[in-house]
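Following numbering that gives the first Met the number 0, the numbering of the sequence shown begins with 0 at its first residue and continues without gaps. Heads up, the beta-carbon is just placed ideally off N, CA and C, and yes, glycines get one too. These notes concern the structure reproduced below.
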Amino acid sequence: MAAPDGLPPLREVIATHGIAARKALGQNFLLDLNLTAKIARAAGDLGAADVLEVGPGPGGLTRGLLAEGARRVLAIEKDPRCLPALAEIAAAYPDRLEVMNADALDVDARAHLTPPIRVVANLPYNVGTELLVRWLTPPDWPPYWQSLTLMFQKEVAERIVALPGQKAYGRLALLAQWRTDARIVMTLPPEAFTPAPKVRSAVVHLTALPAPRFPADPATLNRIVAAGFNQRRKMLRSSLKGIAPGIEARLEAVGIAPTARAEEIGLEAYCRLARALDGG
Ligand code: SAM
Numbered sequence: 000m001a002a003p004d005g006l007p008p009l010r011e012v013i014a015t016h017g018i019a020a021r022k023a024l025g026q027n028f029l030l031d032l033n034l035t036a037k038i039a040r041a042a043g044d045l046g047a048a049d050v051l052e053v054g055p056g057p058g059g060l061t062r063g064l065l066a067e068g069a070r071r072v073l074a075i076e077k078d079p080r081c082l083p084a085l086a087e088i089a090a091a092y093p094d095r096l097e098v099m100n101a102d103a104l105d106v107d108a109r110a111h112l113t114p115p116i117r118v119v120a121n122l123p124y125n126v127g128t129e130l131l132v133r134w135l136t137p138p139d140w141p142p143y144w145q146s147l148t149l150m151f152q153k154e155v156a157e158r159i160v161a162l163p164g165q166k167a168y169g170r171l172a173l174l175a176q177w178r179t180d181a182r183i184v185m186t187l188p189p190e191a192f193t194p195a196p197k198v199r200s201a202v203v204h205l206t207a208l209p210a211p212r213f214p215a216d217p218a219t220l221n222r223i224v225a226a227g228f229n230q231r232r233k234m235l236r237s238s239l240k241g242i243a244p245g246i247e248a249r250l251e252a253v254g255i256a257p258t259a260r261a262e263e264i265g266l267e268a269y270c271r272l273a274r275a276l277d278g279g
């Protein structure tokens with residue numbers, strides 16, 4: 000049966016174009032168009048937005064984004080085998096889909112998009128965290144994008160939204176929560192994908208805050224958090240020793256117990272310490 004967009008079902012698309020999933024490219028495809036439409040809706044109002052999609056593959060999520068009314072989609076796909084299938088979608092939605100055959104790590108997508116911009120992707124697992132960190136650490140804030148709606152392995156999604164004291168709490172949580180609102184909006188079993196991966200997955204929706212939640216210099220904050228979590232079992236007076244002279248007194252001065260461990264300290268306290276070290 001044809002899908003509502005008049006295009007063939009995804010299983011047929013994959014068979015016609017010979018797009019057998021390749022593990023090296025992190026290919027686990029979503030073939031249920033109801034599910035991809037649901038992910039597209041989780042991204043918020045698409046009608047007024049340009050959407051950047053990384054790794055469209057055979058185009059299930061791309062079709063969801065277009066059917067849900069995205070103004071324009073820029074889809075960056077590394078695997079040339081997917082291009083004919085994506086060209087069919089572009090023909091069904093004239094002037095609304097641009098496909099780029101490239102490695103997303105090499106492309107400055109901003110130059111090809113008009114604000115407001117939303118990023119939506121079922122990310123290849125091998126580059127997902129790298130792309131997220133890049134989106135979260137631009138030279139200036141607010142970033143070029145308004146929101147990120149991203150599929151990750153559930154374990155990575157949990158690291159993004161984790162709170163102090165939780166096992167998953169670490170650099171990724173602090174990085175994400177400093178400048179965005181981050182929520183898990185959906186969890187998916189392995190069977191939702193073809194082929195099924197070994198682990199569960201989750202969609203995280205991150206909305207860019209107009210300004211960081213608490214003031215701090217990004218480089219200083221990053222140095223502190225990196226040093227703290229590189230030795231997460233150690234007390235801060237020891238893990239942060241190399242950061243600044245007299246760290247024990249400095250920690251005490253901003254109300255952090257020098258005997259605490261990195262995983263016990265919240266975002267606001269890290270920002271307070273960063274400001275104090277910068278003389279603020
Ligand atoms: N969006 C599709 C879906 O939901 O069915 C495919 C998702 S699959 C998890 C990841 C896709 O990213 C694959 O199509 C893969 O070829 C592509 N990909 C892998 N590495 C990439 C990279 N560095 N740049 C762009 N695309 C990449």
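Handout entry: Backbone CA spacing between ALA248 and GLN165 [nearest angstrom]
Key = Start at 1 with the first residue of the sequence shown, and residue 248 comes out as number 249. Start at 1 with the first residue of the sequence shown, and residue 165 comes out as number 166. If you take the alpha carbons of ALA248 and GLN165, they lie about 27 Å apart.
Handout entry: Spatial distance of ARG182 from LEU205 (CA atoms)
Key = Counted from its first residue, the sequence shown places residue 182 at position 183. Counted from its first residue, the sequence shown places residue 205 at position 206. Distance between the alpha carbons of ARG182 and LEU205: 6 Å.
Exercise for the section: In the DSSP assignment, find the unbroken beta strand (DSSP E) run with THR206 in it and report its ends. Expected result: As a first step, residue 206 must be located in the sequence shown, where it is residue number 207. Where THR206 is concerned, the enclosing beta strand (DSSP E) starts and stops at 200-207.
Practice task
Return the CA-CA distance between GLY43 and ALA268, expressed in angstroms with no decimal places.
Solution key: On the sequence shown, position 44 is the one that residue 43 refers to. On the sequence shown, position 269 is the one that residue 268 refers to. Their Cα atoms are separated by approximately 32 Å.
Practice task
Report yes if the CB atom of ALA69 is closer than 9 Å to the CB atom of ALA39, and no otherwise.
Solution key: As a working note, residue 69 is residue 70 in the sequence shown. As a working note, residue 39 is residue 40 in the sequence shown. Yes; because the gap between Cβ atoms is below 9 Å, this pair is in contact.
Practice task
May I ask you to check if the CB of ILE75 is nearer than 8 Å to at least one heavy atom of the ligand SAM?
Solution key: Residue 75 sits at position 76 when you count from the first residue of the sequence shown. Under cutoff, so the answer is yes.
Practice task
Please classify GLN152: does DSSP put it in a helix, a strand, or coil?
Solution key: Here the question's residue 152 lines up with position 153 in the sequence shown. DSSP places GLN152 in strand when its eight states are reduced to three.
Problem - Local conformation of ARG21 per DSSP, three classes - result: Position 22 of the sequence shown, counted from the start, is the residue given in the question as residue 21. Residue state, collapsed to three classes: coil.
Exercise for the section: Could you work out which residue in LYS22, LEU250, LEU173 and LEU162 is closest to VAL132 when comparing CA atoms only? Expected result: The sequence position of residue 132 within the sequence shown is 133, counting from 1. When only C-alpha atoms are compared, the closest one is LEU173.
Exercise for the section: Kindly list the residues whose CB is nearer than 7 Å to the CB of ARG274, restricted to its own chain and excluding five residues on each side of it in sequence; keep chain order. Expected result: If you number the sequence shown from 1, residue 274 lands on position 275. PRO214 and ALA215.
Exercise for the section: For VAL198, verify whether its CB is less than 8 Å away from any heavy atom of the ligand SAM. Expected result: Along the sequence shown, read from residue 1 onward, the residue named residue 198 stands at position 199. No - the ligand SAM has no heavy atom lying nearer than 8 Å to the Cβ of VAL198.
Problem - For ARG71, three-class secondary structure by DSSP - result: Taking the sequence shown and counting its residues from 1, the one referred to as residue 71 is at position 72. Here ARG71 sits in strand by DSSP.
Practice task
Could you round the C-beta distance between LEU60 and ASN121 to whole angstroms and report it? I think they count as a contact, below 8 Å.
Solution key: As a working mapping, residue 60 is identified with position 61 in the sequence shown. As a working mapping, residue 121 is identified with position 122 in the sequence shown. Confirmed, about 5 Å.
Exercise for the section: Using beta-carbon positions only, say whether GLU154 and VAL224 come within less than 9 Å of one another. Expected result: One-based indexing of the sequence shown puts residue 154 at position 155. One-based indexing of the sequence shown puts residue 224 at position 225. No, they are not a contact pair.
Exercise for the section: Run the proximity test for GLY17: is its beta-carbon closer than 8 Å to any non-hydrogen atom belonging to the ligand SAM? Expected result: Numbered from its first residue, the sequence shown carries residue 17 at position 18. False, no ligand heavy atom lies under 8 Å from that Cβ.
Problem - Reduced DSSP category for PHE228 - H, G, I as helix; E, B as strand; rest coil - result: Here residue 228 refers to the residue found at position 229 of the sequence shown. Of the three classes helix, strand and coil, the one that applies to PHE228 here is helix, per DSSP.
Problem - Paired residues, beta bridge with THR61 - DSSP - result: Along the sequence shown, read from residue 1 onward, the residue named residue 61 stands at position 62. In DSSP, THR61 forms no bridge with anything.
Practice task
Put ASN100 into one of helix, strand or coil per three-state DSSP.
Solution key: In the sequence shown, residue 100 corresponds to position 101, counting from 1. Residue state, collapsed to three classes: strand.
Problem - 6 Å Cβ shell around VAL12 - same chain, five flanking residues per side excluded - result: As a first step, residue 12 must be located in the sequence shown, where it is residue number 13. So the list reads PRO57 and ALA84, once near-sequence residues are dropped.
Practice task
Throw me the rounded Cβ distance for the GLU281 and ARG231 pair, which I believe falls under 8 Å.
Solution key: Past the boundaries of the shown model lies residue 281; the chain is included only from 0 to 279, so the question cannot be answered.
Exercise for the section: Classify ASP49 as buried or exposed, calling it buried when 16 or more other Cβ atoms lie within 10 Å of its own Cβ. Expected result: On the sequence shown, residue 49 is found 50 positions in, with the first residue counted as 1. Counting of Cβ neighbours within 10 angstroms places ASP49 among the buried residues, the total reaching 16 or more.
Problem - Straight-line Cα distance separating ASN27 from PRO196 - result: Numbered from its first residue, the sequence shown carries residue 196 at position 197. Numbered from its first residue, the sequence shown carries residue 27 at position 28. C-alpha separation (whole angstroms): 7 Å.
Handout entry: First through last residue of the beta strand (DSSP E) which encompasses ILE255
Key = Stepping through the sequence shown from its first residue, residue 255 is reached at position 256. No beta strand (DSSP E) holds ILE255; DSSP gives it neither H nor E.
Exercise for the section: Say yes only if the C-beta of TYR124 is nearer than 8 Å to one or more non-hydrogen atoms of the ligand SAM, and no if none qualify. Expected result: Position 125 of the sequence shown, counted from the first residue, corresponds to residue 124. Flag set: Cβ of TYR124 near the ligand SAM.
Exercise for the section: Starting from VAL118, trace the alpha helix (DSSP H) both ways and give me its first and last residue. Expected result: On the sequence shown, position 119 is the one that residue 118 refers to. No alpha helix (DSSP H) holds VAL118; the beta strand (DSSP E) holding it covers 116-121.
Exercise for the section: Answer yes or no: does any C-beta atom of chain D fall closer than 9 Å to that of THR206? Expected result: Here there is only one protein chain, and chain D is not present.
Practice task
Report the option in GLY279, LYS233 and LYS240 whose CA atom is closest to the CA atom of VAL253.
Solution key: On the sequence shown, residue 253 is found 254 positions in, with the first residue counted as 1. Nearest C-alpha to VAL253: GLY279.
Handout entry: Beta-carbon contacts of ALA89 that lie in its chain and below 6 Å, excluding the five residues immediately before and after
Key = Looking up residue 89 in the sequence shown gives position 90. In chain order, LEU96 place their CB closer than 6 Å to the CB of ALA89, counting only its own chain and leaving out the 5 sequence neighbours on each side.
Problem - Alpha carbon of PHE316 to alpha carbon of ALA74, nearest angstrom - result: With the chain covering only 0 through 279, there is no way to say anything about residue 316.
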